[in-house]
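In this note's numbering, the protein residues as written are 669 to 1167.
Ideal placement from N, C-alpha and C gives every residue a C-beta, glycine not left out.
Just so it is clear, the structure is predicted and the values come from calculations on it, not from any experiment.
Below is one structure; the comments refer to it alone.
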């Protein structure tokens, strides 16, 4: 065992003095030490690195950070104009026949200990609402009234089951992300929260960090427990956790983690999930709301706004405003509060308007589109032009075989075919052509996949929604059957990466 492992293996919470004693008790002479050991001993025997405010904290948060930590949040669309304002103003009542809403603002400002649960159908806008309230300044303003004179830490995490990285859908990733945010918002707690790594940074300097062991669940849990021990004394903590149903692990562990804080008076937790039985059993008695009971006005505004962008609908409004309004009403009523359904259906209606469909054609299309999302995707797949369907299949297959987030340039080159892709070797996508590539691929995804694959704001390509991924899994043989056995998506992707 080398000196580094010898010191790190201690079960004690180590501080500088403990580490020093541990080093001097190392069973071996300098001559017997490995080259790595001698480097650490030499570093310790020289002048101990001084503390520079912010440097050690930044080094520790950097080690906790992981690629893609914020990808899910970035991919979630921003709330549509004026959507979700009702959650703050309290003026909108629940729709007739629905469950009463427990006020979000009173929960933020009050002393309620129970987690607040946002639930709803797939595609109803839960994640968009979570992102909205996390970013909106009114949330912090109300929480500060609850926090009173204490500092407030507000940390969030978005589980993402479709992510390539396990850290984006695990409790380990959750703790790493929460610790990063807690330390960034209150750097003074770092020394107490991560004493082991802090001690080594003080003794050996930030250069040591590359040799530090990987963060283990045990150490992360130890650090997070140290964080919670400071709650109430040094700060109040508010955690916003989206997509509990996207968690890839034992749900009992996740629910237990959330319920752990119910006994603490200085913690508030906001969670969201689909209304699956395991979450209904855990949170149905808690304050909360069901999305589709409060979003009819938002859905109408969303549908109207999307249709108004199409010249054909504007002309329809001018010629027959009552019939145009009736079409919007039909979309809203059939959507039953599911924004995602509206988004997909309005796209189909806009395509019809662009192609000169009559109002009768549009009504017929609306009547034939299923309300179930999976059936809707099958209907969209069936409506893809036959000469585009093989291309659509290739795009889905390339996307699926990628083990990391698929960026625009990689998919573009992979989709170009081997000859065109190889011609790009040595000229990997200049900035000037990147805009052209993004625009070209966006049009291609729109026509070939009808928007089921789309480009996010950060330039990556992913499913429109988790429900689309679930649909592709159930229909995979049918999707692949259109390309034939000669197509190899792994080879195509290799060209995309190589070029």
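- Listed as beta-bridge partners of residue 957 by DSSP are 786.
- Contact between residue 1129 and residue 1067 holds, with the beta-carbon distance rounding to 6 Å and staying under 8 Å.
- From the listed residues 926, 910, 928, 933, the smallest Cα separation to residue 903 is found for 933.
- The stretch 1074-1086 makes contact with the stretch 1107-1116: 3 or more CB pairs, one atom from each, lie closer than 8 Å.
- For residue 748 against residue 973, the beta-carbon gap comes to about 7 Å, under 8 Å, which counts as contact.
- Under the 10 Å beta carbon count, residue 721 is surrounded by fewer than 16 other beta carbons and is classified as exposed.
- Straight-line spacing of the CA atoms in residue 1010 and residue 1106 works out to 25 Å.
- Separation of residue 1122 and residue 1133 (C-alpha to C-alpha, rounded to the nearest whole angstrom) is 10 Å.
- The beta carbon of residue 1070 sits closer than 7 Å to those of 1161, all from its chain and outside the five residues before and after it, given in chain order.
- For residue 1073, the three-state secondary structure derived from DSSP is coil.
- One Cα belongs to residue 849, the other to residue 860, and the distance between them is close to 15 Å.
- DSSP lists no beta-bridge partner residue for residue 1126.
- Residue burial annotation: residue 1028 is exposed, with fewer than 16 other C-beta atoms found within 10 angstroms of its C-beta.
- Only residues of its own chain outside the window of five on either side were considered, and among them 810, 811 have a CB closer than 6 Å to the CB of residue 776, listed in chain order.
- Secondary structure of residue 1000 (DSSP, three-state): helix.
- If one requires a minimum length of 4 residues, the alpha helix (DSSP H) runs lying completely within the stretch 1005-1034 are 1007-1022, in chain order.
- Residue burial is scored here from C-beta neighbours: residue 976 has fewer than 16 other C-beta atoms within 10 angstroms and is therefore classed as exposed.
- The beta-carbon distance between residue 888 and residue 840, rounded to whole angstroms, is 6 Å. This is short enough to meet the 8 Å contact definition.
- Distance from the CA atom of residue 881 to the CA atom of residue 896, rounded to whole angstroms, is 24 Å.
- When secondary structure is reduced to three states using DSSP, residue 869 falls in the helix class.
- 724 is the residue among 1018, 757, 724, 1135 whose C-alpha sits nearest the C-alpha of residue 857.
- Residue 940 and residue 1046 do not touch by the CB rule: their CB atoms are close to 27 Å apart, not below 8 Å.
- Leaving aside the five residues that flank residue 890 on each side, none in its chain has a CB nearer than 7 Å to its CB.
- Non-local beta-carbon contacts of residue 1120 in its own chain, meaning distances under 6 Å to residues more than five positions away in sequence, involve 1132, 1136 in chain order.
- It is roughly 36 Å from the alpha-carbon of residue 745 to the alpha-carbon of residue 878.
- For residue 918, same chain residues with a beta-carbon under 6 Å away, outside a window of 5 residues either side, do not exist.
- CA-to-CA, the gap between residue 831 and residue 837 works out to about 7 Å.
- Excluding residues up to 5 positions away in sequence, 821 lie with their Cβ nearer than 7 Å to the Cβ of residue 853 in the same chain.
- In the DSSP annotation of this structure, the continuous segment of the alpha helix (DSSP H) that includes residue 732 starts and ends at 723-732.
- For residue 865, same chain residues with a beta-carbon under 6 Å away, outside a window of 5 residues either side, are 728 in chain order.
- The C-beta separation of residue 847 from residue 825 comes to about 11 Å, leaving the pair out of contact by the 8 Å criterion.
- With fewer than 16 other Cβ atoms inside 10 Å of its own Cβ, residue 1103 counts as exposed.
- DSSP places residue 823 in the uninterrupted beta strand (DSSP E) bounded by 820-826.
- By the C-beta density criterion, residue 799 is buried, having at least 16 other C-beta atoms within 10 angstroms.
- Classified as buried, residue 1065 has 16 or more neighbouring CB atoms from the shown chains inside 10 Å of its CB.
- Annotation: the continuous beta strand (DSSP E) that includes residue 904 extends over 904-910.
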